[in-house]
Amino acid sequence: MTTVSYTVPAIHCSHCTHTIEMEISELEGVLSVQADEASKKVVVNFAAPAGEEQIKTLLAEIGYPVQGLISL
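The numbering of the sequence shown is this note's numbering, which starts it at 20 and goes up by one.
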């Protein structure tokens with residue numbers, strides 16, 4: 020299992036966090052997703068076949084591009 024944490028500045032409300040969690044959780048291999056409005060952070064736990072590029076691409080496609088990776 021891999022855990023990544025991204026900075027996503029476009030998170031502004033609970034609707035944003037809900038959308039991110041719903042969309043990312045539908046990727047095969049994603050075990051959990053937590054989006055936080057206050058910190059503008061998204062934490063994803065995943066295993067194959069999901070991958071970081073796939074997650075970042077989907078975030079950008081739904082209007083929440085990743086600004087940076089936070090080391091855990």
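The beta-carbon is built from N, C-alpha and C at its ideal position, and this holds for glycine as well.
- In this structure, Thr26 is the residue among Cys32, Thr21, Thr26 and Met20 with its C-alpha nearest to the C-alpha of Gln86.
- Annotation: the continuous alpha helix (DSSP H) that includes Gln73 extends over Glu71 to Glu80.
- Excluding five sequence positions before and after Val49, the CB atoms of its chain that fall closer than 8 Å to its own CB belong to Ile43, Val63, Asn64, Phe65, Ala69 and Ile74, given in chain order.
- In the DSSP assignment, Ala54 forms a beta bridge with Val61.
- Where Ile89 is concerned, the enclosing beta strand (DSSP E) starts and stops at Gly87 to Ile89.
- For Tyr83, there is no enclosing beta strand (DSSP E), as DSSP marks it with neither H nor E.
- Here Thr22 is bridged, per DSSP, to Asn64.
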